[in-house]
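Before any comments, here is the structure.
Residue numbers (the working numbering): 27 to 179.
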């Protein structure tokens with residue numbers, strides 16, 4: 027795995043359809059992703075490839091907005107989105123039914139870009155992102171397994 031990638035799997039003791047619909051809701055992510063301050067869907071209609079969102083967040087003392095766009099939607103097995111803004115990244119979630127419930131695998135890729143300072147800081151940045159996202163996935167697991175309503179609706 028490259029220095030600018032994150033990969034983690036977690037087993038959530040809930041059915042695949044429930045895990046998929048909860049984990050892929052880019053509005054309800056404020057309930058389990060600690061760096062997320064606000065999230066809203068800005069495109070019309072049901073979620074589809076091309077759906078657009080606005081996320082406001084705080085990470086490493088910095089605040090900013092991201093504008094994720096759904097790039098893959100194959101319920102209940104695959105969901106992906108990308109952000110091409112000030113801090114570009116791609117995220118892919120894969121879901122698999124297992125005897126214990128659902129295996130959710132998250133892969134995040136942050137392009138190195140042309141900024142030499144960002145390029146040099148990438149290992150530290152990815153380390154912080156990895157720790158945070160691993161903790162967030164654990165929170166999602168604990169909330170779902172405890173029956174906490176994570177989705178907004």
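The beta carbon of each residue, even a glycine, is placed where N, CA and C say it ideally should be.
Closest Cα partner of residue 152 within the set 79, 36, 114, 51: Position 126 of the chain shown, counted from the start, is the residue given in the question as residue 152. Nearest of 79, 36, 114, 51 to residue 152, Cα basis: 114.
Euclidean distance between Cα positions of residue 95 and residue 108: For the purposes of this step, residue 95 is taken as the residue at position 69 of the chain shown. For the purposes of this step, residue 108 is taken as the residue at position 82 of the chain shown. Near 5 Å, if we compare the C-alpha coordinates of residue 108 and residue 95.
Uninterrupted beta strand (DSSP E) stretches inside the region 41 to 68 (no shorter than 3 residues): 62 to 67
Exposed unless 16 or more other CB atoms sit within 10 angstroms - verdict on residue 128: Counted from its first residue, the chain shown places residue 128 at position 102. Its Cβ being crowded by 16 or more others within 10 Å, residue 128 is buried.
Contact the region 119 to 138 vs the region 28 to 45: 3+ CB pairs below 8 Å: yes
Supposed close pair residue 160, residue 34 - CB separation, criterion 8 Å: Numbered from its first residue, the chain shown carries residue 160 at position 134. Numbered from its first residue, the chain shown carries residue 34 at position 8. So it is a contact: roughly 6 Å between Cβ atoms.
Through-space distance from residue 138 to residue 148, alpha-carbon basis: Here residue 148 refers to the residue found at position 122 of the chain shown. Here residue 138 refers to the residue found at position 112 of the chain shown. Straight-line Cα distance between these residues: approximately 7 Å.
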